[in-house]
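Residue numbers (this note's numbering), protein chains in the order written: chain A, 15 to 301; chain B, 55 to 254; chain C, -16 to 108.
Cβ coordinates follow ideal geometry from the N, Cα and C atoms, glycine included.
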Amino acid sequence: MTNENNALELHHVTRSFGDFTLQDLSLTLPTGCILGLIGENGAGKSTAIRLIMNNLHADSGEISVLGLDNQSPAFSSLKEDIGVVLDEAYFPEVLDIKQVEKVMASTYTRWDSALFTDYINRFELPWKRPFKDFSRGMKMKLAITVALSHQPKLLILDEATSGLDPIVRDEILDIFAEFTRNEHHSILISSHILSDLEKICDYVAFLHKGRLLFCEEKDQLLDSYGVMACTSDQLQELPEDAVVGVERSHYGMRVLVKRSKVSSAFPVEKATMEDIILFQVKGEKNA
Amino acid sequence: MKGLLLKDLYVLVKQMRVFLFGVLIFAVIPGSNMTIFAVVYAAMMPYTALAYDERSHWDQLAGMMPYSIKDIVLSKYVLGWLFTAGAAALSIIASILESHFIPNAGSPLSGALAFCVGVITMAITLPPMFRFGVEKGRMIFILLVVVIACGSAGLLSETVQSPSSLAILPLLELALPVAAVVLSVASVWLSIRLYAKQHR
Amino acid sequence: MEILIRNTSGQPIYEQIYTQIENQIVAGTLQPGDPLPSIRALAKDLRISVITTKRAYDELEADGFLATVAGKGSFVAEKNLELVREMHLKEIESCLQRAAELAAGCQLSNAELLEMLRILLKEDK
């Protein structure tokens, strides 16, 4: 049942907490690709990641990572092949980079010291300052360095770019894109910053209140929708099934349409990831 | 497990410098009561390490690394055993050296027995820590430590120094190590189950 | 090799890649036997999805413009003039079809449409 060509497979995974349930989540990340998991805060992205890493037990469903069932006893050692960057880096505050390196080198069998040193110098991080004195950007850079230095096949990134300024974000996204130049490398990245995901993802999955609303190829998604600014009269001219969502203002309206259902006579502009998501969540359909 | 131990050592040596120095002092001060305190305080190191882990949410990161729950729990025990063995060894050496100058400086035996007491202390106090976390487990922990420390300090100095209770000594020599091993095995087993339940 | 992705046109990205590579092959800028960048390298360099470049390459291969050698990569295929002609004929047909649809849409008669074509052809000469 598990396809060896997939870096990650989730089948009907469900997990309830008191006031929140992650429902029936099924996702596939093919090897060599980048899957972006979008969702607002609290949508279930971090829960999904903890379930994948077996830090949390699912109520039902199966998860396999790099071809191995995550309930198998060998899964602990498989984590050698998975690099994780969490929302908060969680290194002990009093350690400095040199000490973090020693700890990690003793943890992972394929630790590459030269690569680690390379990245630390490239990021210009201080070797001897305690971790608690780092800015958010520096903390994330260290976490990313650690994740990459044990030569993983799969990177799992939970909000790894939030709280970073745009220049640093771009630098880091480049590094992630570089990682997948190798066809055996895959990335699962969760974020609520849509523009980041739009840049590097091959697939996008949208989680909303614990449910997966869609999982599609990013370019196909962007190609199939368009945005039109129009008056309410023009709106009437559009075929019923072409309109996905409408945003009204005092001066007119913006409409998200399916390109295939709208003739090219209409001036349809390119839709961004943000348009597609926001219209689906907020926009009311015109009766 | 080496990585986990290394991390704890780095943190403790940096943060608990004064405390560890105190343990050192207790270890070398003559008298078997002091030995007990040194060893039991050394046995508090796993608890301290857990407290620092909690503060930096280390368990989240540890769960992502190639460590099993067994590794994570056992590393705290190994940490404690190393510190208590160190304190005990120090006081044994000290007592041997000092007994040249001071009578009743304590015997190597009391050092060894103290080590067992330290191990037993850990065996009893760690499972509540793994189950309830540092905040809630703190009260239980302090209570247990005080009871064990004072109780065994009194018992030990009585037994070693008064000739009339020499009869009890062989019993203790046998009972304590056995208890230490048995309780430790049970404790590790229990802690692993409690931690797994708590963190998954 | 130059490939420019434009966001302003409504044309899907894989189509833009397809068209630009096809044009370069037909024009002779890319010669038979020339190596093409790997799907992955192209994707990363253009900052687009690997799936999109793969789709473009798959279609180019299906239409005979390039060939993939396992382990070595993709190369421009031997130019099959017959094939190219056939492709262009297909394209003319679809353009004319489109013109016919538009004409019907604004109620242009067949005669008027043919007249437009005649004028255009005369202008070309």
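When you compare only the Cα positions, how much space is there between residue i and residue j?
| i | j | result |
| --- | --- | --- |
| C:T51 | A:V99 | 37 Å |
| A:D216 | A:L236 | 11 Å |
| A:K213 | A:F193 | 14 Å |
| B:P181 | A:I189 | 43 Å |
| A:Q294 | C:Q(-1) | 28 Å |
| A:S204 | C:D41 | 30 Å |
| A:L211 | C:P(-5) | 19 Å |
| C:G47 | A:A21 | 32 Å |
| A:Q137 | A:P281 | Note that residue 137 of chain A is Phe in the sequence shown here, rather than Gln. Between A:F137 and A:P281, the C-alpha separation is close to 45 Å. |
| A:E298 | B:G117 | Only weak support is given to the placement of A:E298: the predicted model assigns it a pLDDT of 45, under 50, and the value that follows is read from those uncertain coordinates. Each residue's alpha carbon lies about 42 Å from the other. |
| A:D289 | B:K130 | 51 Å |
| A:P106 | A:P144 | 9 Å |
| A:A157 | A:A119 | 14 Å |
| A:F130 | A:G53 | 32 Å |
| A:V218 | B:A177 | 50 Å |
| A:S163 | A:S127 | 7 Å |
| B:I126 | B:M183 | 14 Å |
| C:I(-12) | C:T2 | 11 Å |
| A:L249 | A:Y239 | 16 Å |
| A:L24 | A:E18 | 13 Å |
In the DSSP assignment, the alpha helix (DSSP H) including residue i goes from what residue to what residue?
| i | result |
| --- | --- |
| A:D95 | That residue, A:D95, is in no alpha helix (DSSP H); it is neither H nor E in DSSP. |
| B:I146 | 123 to 152 |
| A:I122 | Checking the displayed sequence, the identity of residue 122 of chain A turns out to be Tyr instead of Ile. Element bounds for A:Y122: n/a, residue is neither H nor E. |
| C:N6 | -4 to 10 |
| A:G151 | 150 to 163 |
| A:S127 | 127 to 137 |
Would a check of beta-carbon distances place residue i closer than 8 Å to chain A?
| i | result |
| --- | --- |
| C:R68 | no |
| C:P(-5) | yes |
| C:N(-10) | yes |
| B:M70 | no |
| C:I31 | yes |
| C:A24 | yes |
| C:T35 | yes |
| C:A55 | Correcting the residue identity first, residue 55 of chain C is Lys in this sequence and not Ala. By this cut-off, C:K55 is not an interface position. |
| C:K73 | no |
| B:K38 | Any question about residue 38 of chain B goes unanswered here, given that chain B covers just 55 to 254. |
| B:W112 | yes |
Are any of the Cβ atoms in chain C nearer than 8 Å to that of residue i?
| i | result |
| --- | --- |
| A:A256 | no |
| A:E212 | no |
| A:E197 | yes |
| A:R143 | no |
| A:C47 | yes |
| A:G97 | no |
| A:S246 | no |
For residue i, report the span of its beta strand (DSSP E) as first-last.
| i | result |
| --- | --- |
| A:G56 | It is not in any beta strand (DSSP E) - A:G56 carries neither H nor E in the DSSP assignment. |
| A:V4 | What the structure shows of chain A is the stretch from 15 to 301, and residue 4 of chain A is not part of that stretch, so it cannot be assessed. |
| B:A81 | Here B:A81 belongs to no beta strand (DSSP E); instead the alpha helix (DSSP H) covers 71 to 82. |
| C:V52 | 49 to 52 |
| C:S32 | No beta strand (DSSP E) holds C:S32; DSSP gives it neither H nor E. |
| A:T28 | 20 to 30 |
| A:P106 | Careful: A:P106 lies outside any beta strand (DSSP E) and carries neither H nor E. |
| A:L36 | 35 to 44 |
| A:I77 | 74 to 79 |
Check whether chain D comes within 8 Å of residue i, counting only Cβ atoms and requiring the distance to be less than that.
| i | result |
| --- | --- |
| A:V282 | Of the chains in the structure shown, none is chain D; the protein chains are A, B and C. |
Just checking: is the beta-carbon of residue i within a distance shorter than 8 Å of some beta-carbon in chain B?
| i | result |
| --- | --- |
| A:L129 | no |
| A:M118 | yes |
| A:E230 | no |
| A:V27 | no |
| A:V79 | no |
| A:Y217 | no |
| A:L178 | no |
| A:Q113 | yes |
| A:H222 | no |
Given 8 Å, three or more beta-carbon pairs between the segment 177 to 184 of chain A and the segment 9 to 29 of chain C: Verdict: no, contact absent.
Are the segment 140 to 153 of chain B and the segment 195 to 208 of chain B in contact at 8 Å, needing three or more beta carbon pairs? no
Does the segment 162 to 177 of chain A come close enough to the segment 58 to 75 of chain A to have 3 or more Cβ pairs within less than 8 Å? With a cut-off of 8 Å, the segment 58 to 75 of chain A and the segment 162 to 177 of chain A count as touching, because enough Cβ pairs lie within range.
Could you tell me whether the segment 139 to 158 of chain A touches the segment 64 to 75 of chain A, where touching means 3 or more Cβ pairs closer than 8 Å? No, they do not touch.
How do the segment 64 to 71 of chain B and the segment 98 to 117 of chain A stand: do at least 3 beta-carbon pairs fall below 8 Å, yes or no? Judged by Cβ distances under 8 Å, the segment 64 to 71 of chain B makes contact with the segment 98 to 117 of chain A, as three or more pairs qualify.
Are the segment 97 to 110 of chain B and the segment 45 to 52 of chain A touching, with three or more C-beta to C-beta distances below 8 Å? no
Could you tell me whether the segment 37 to 45 of chain A touches the segment 83 to 96 of chain B, where touching means 3 or more Cβ pairs closer than 8 Å? Look at the beta carbons and you see the segment 37 to 45 of chain A not touching the segment 83 to 96 of chain B: under three pairs across the two are nearer than 8 Å.
Okay, do the segment 226 to 243 of chain A and the segment 267 to 281 of chain A touch, 3+ Cβ pairs below 8 Å being the bar? yes
Could you name each continuous beta strand (DSSP E) segment of 3 residues or more that falls completely within the segment 167 to 199 of chain A, going from the start of the chain to the end? As far as the segment 167 to 199 of chain A is concerned, its whole beta strand (DSSP E) runs of at least 3 residues are 168 to 172.
Continuous beta strand (DSSP E) assignments of at least 3 residues falling wholly in the segment 201 to 284 of chain A: 217 to 222, 225 to 231, 239 to 244, 257 to 263, 266 to 272
Touch check for the segment -3 to 14 of chain C and the segment 233 to 248 of chain B: three-plus C-beta pairs under 8 Å? no
Determine, using beta-carbon pairs with one atom in the segment 268 to 277 of chain A and one in the segment 249 to 256 of chain A, whether at least three such pairs fall under 8 Å. yes
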